[in-house]
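Numbering (our numbering), first residue to last: 4 to 139.
Even glycine gets a Cβ: it sits at the ideal position worked out from N, Cα and C.
Written below as structure tokens is the structure these notes are about.
And the structure:
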């Protein structure tokens with residue numbers, strides 16, 4: 004597959020992290036995999052996190068880049084990181100409850116996806132708001 008942001012033969016780091024997050028949530032992978040929003044889904048036993056159907060925790064990468072480009076102070080970035088940190092903490096707390104090995108693995112994959120999404124947000128914001136170094 005080709006990275007959608009650079010059309011290179013390999014994925015850039017942000018696309019690779021987002022792809023791994025999408026795989027952890029078992030979202031469909033197509034040639035335009037950026038078009039599917041990333042949400043936390045409830046399990047059969049207990050709801051993981053209350054996520055309204057109208058709003059997802061993570062937008063598509065293009066929407067995210069547009070929002071972070073319009074956020075020079077990093078306020079929106081901080082709000083997104085806080086939401087993902089809270090979700091990761093909640094998943095960590097749920098892992099401490101008695102669970103089967105399969106449930107524990109699913110919780111860990113979702114927690115790792117939240118942490119990966121935090122890295123994507125940080126990397127995209129810094130890529131857009133840092134001055135490139137001058138080479139001589």
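Legend entry - Local conformation of residue 69 per DSSP, three classes: helix
Inset, instruction - Along the alpha helix (DSSP H) that carries residue 77, what are the first and last residues, could you check? - result: Here residue 77 belongs to no alpha helix (DSSP H), and DSSP marks it neither H nor E.
Legend entry - Burial state of residue 124 (16 or more Cβ within 10 Å): buried
Inset, instruction - With a threshold of 16 other CB atoms inside 10 Å of the CB of residue 109, please say whether the residue is buried or exposed. - result: buried
Inset, instruction - Determine the direct distance from the alpha carbon of residue 132 to that of residue 31, and round the result to whole angstroms. - result: In this prediction, residue 31 scores a pLDDT of 45, lower than 50, which makes its location untrustworthy; no coordinate-derived value is stated.
Inset, instruction - Report the rounded CA-to-CA distance for residue 113 versus residue 135, giving the unit in angstroms. - result: 34 Å
Legend entry - Touch test, the stretch 79–95 against the stretch 113–122, Cβ-Cβ under 8 Å, three pairs minimum: yes
Inset, instruction - Kindly indicate which three-state DSSP category residue 94 falls into: helix, strand or coil? - result: helix
Legend entry - Span of the alpha helix (DSSP H), counted from its first residue to its last, around residue 130: 104–132
Inset, instruction - Could you check what DSSP says for residue 100 in three-state terms: helix, strand or coil? - result: coil
Inset, instruction - Indicate whether residue 98 and residue 107 have their beta-carbon atoms separated by less than 8 Å. - result: yes
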